[in-house]
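Participant:
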Amino acid sequence: MIGVSIIDDHPVVRDGLRAVLEMQHGLTIANVVAVPSSLKVIPKSTHVVLLDWELEDAQGGVGAIQALRKRLPDVRIVVFSAYAGTDRVTSAFESGACGYVLKGAPADEIIAAVRSAANGSTYLGRGVSLPLQTSGQRLTGRETQVLNLIARGLSTGEIARALHLSERTVKFHVTSILGRLGATRRAQAVSIAKERGLI
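Numbering (our numbering), first residue to last: 24 to 222.
Here's what the structure looks like:
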């Protein structure tokens with residue numbers, strides 16, 4: 024069972040998310056809170072947090088992610104936002120989020136983001152992307168290394184050990200790779216990269 028906690032300062036949004044997620048097999052609501060200052064009430068049974076990026080709280084989105092990860096290092100965080108500016112999306116992933124979904128997204132997309140996060144994958148909702156390099160959809164040297172190891176079938180942990188990186192950093196690179204290549208899954212990213220001669 025995947026425990027989901029919701030942090031959003033709008034009651035209608037909180038209630039709507041709860042209603043959608045409670046109907047799903049394999050998902051359970053661990054807690055629902057209005058502000059991240061209530062972090063102490065987020066139970067350790069939480070696997071995934073749906074976090075409103077625009078909280079009316081001094082911490083802001085980055086601060087909330089950092090505080091969550093400090094208290095619950097293994098928790099997976101999906102940002103739920105009304106905006107998809109590349110600076111904001113990049114900040115969210117660099118801070119430790121593993122998913123980003125727009126507030127206008129349909130229920131099935133929100134559910135997919137939660138399940139992907141719980142499975143250790145990254146998720147970019149429709150209309151959300153990471154910035155491309157000015158030279159086009161090319162990968163950085165590190166991203167190419169990561170993608171080559173993915174193509175060899177290595178897990179996130181194995182890639183982290185091979186490249187002497189943290190798993191969090193590897194996950195950020197994977198998210199960046201997916202965004203640059205317009206892929207939603209690792210296998211798809213490998214296929215696209217091979218077609219384009221990137222690996």
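Every residue, glycine too, gets a C-beta built ideally from N, C-alpha and C.
Would V151 and V112 be called neighbours here (beta carbons separated by less than 8 Å)?
Facilitator: Yes, the pair counts as a contact, with Cβ atoms nearer than the cut-off.
Participant: Among the candidates N54, I215 and L78, whose CA atom is the shortest distance from the CA of A105?
Facilitator: The shortest C-alpha separation from A105 is found at L78.
Participant: Please report the straight-line C-alpha distance between I222 and G202, rounded to a whole angstrom.
Facilitator: Distance between the alpha carbons of I222 and G202 is about 16 Å.
Participant: Closest by CA to A141, which one among G176, V56 and I100?
Facilitator: Out of G176, V56 and I100, I100 has the C-alpha closest to the C-alpha of A141.
Participant: With the cut-off set at 8 Å, would you say R37 and I29 are in Cβ contact?
Facilitator: The answer is yes: Cβ separation under 8 Å.
Participant: Do you know offhand how far V124's Cα is from G49's?
Facilitator: Each residue's Cα considered, the two are about 20 Å apart.
Participant: Report, in whole angstroms, the separation of the C-beta atoms of V169 and V137, which I expect to be a contact under 8 Å.
Facilitator: Not a contact, Cβ separation roughly 24 Å.
Participant: Just to confirm before moving on: does the CB-CB distance between L62 and I52 stay below 8 Å?
Facilitator: Going by C-beta atoms, L62 is not nearer than 8 Å to I52.
Participant: Using three-state DSSP, classify G26 as helix, strand or coil.
Facilitator: In this structure, G26 counts as strand in the three-state DSSP scheme.
Participant: Please tell me whether A115 and G84 are closer than 8 Å, where the distance is taken between their beta carbons.
Facilitator: Contact: yes.
Participant: Quick check on the burial criterion: 16 or more other C-beta atoms within 10 angstroms. Buried or exposed for H70?
Facilitator: Buried.
Participant: Give me the Cα-Cα distance between N171 and P34, rounded to the nearest whole angstrom.
Facilitator: Near 45 Å, if we compare the C-alpha coordinates of P34 and N171.
Participant: Less than 8 Å between the C-beta atoms of L91 and K67, yes or no?
Facilitator: For L91 and K67, no; Cβs fall outside 8 Å.
Participant: If you compare alpha carbons, which of G176, G164, Q47 and W76 is closest to A135?
Facilitator: Nearest C-alpha to A135: Q47.
Participant: Would you mind sorting H196 into buried or exposed? The rule is 16 or more other CB atoms within 10 Å of its CB.
Facilitator: So H196 ends up on the buried side.
Participant: Tell whether a beta-carbon distance below 8 Å holds between R191 and G108.
Facilitator: Their beta carbons are not under 8 Å apart, which means R191 does not touch G108 by this criterion.
Participant: In or out: M179 buried (at least 16 other Cβ within 10 Å) or exposed?
Facilitator: Per the sequence shown, the amino acid found at residue 179 is Thr instead of Met. Answer is buried; the Cβ neighbour count reaches 16.
Participant: Measuring only the C-alpha atoms, how far is H187 from T167?
Facilitator: Between H187 and T167, the C-alpha separation is close to 15 Å.
Participant: Does A90 come out as helix, strand or coil in the three-state DSSP assignment?
Facilitator: Looking at A90 - three-state DSSP - the assignment turns out to be helix.
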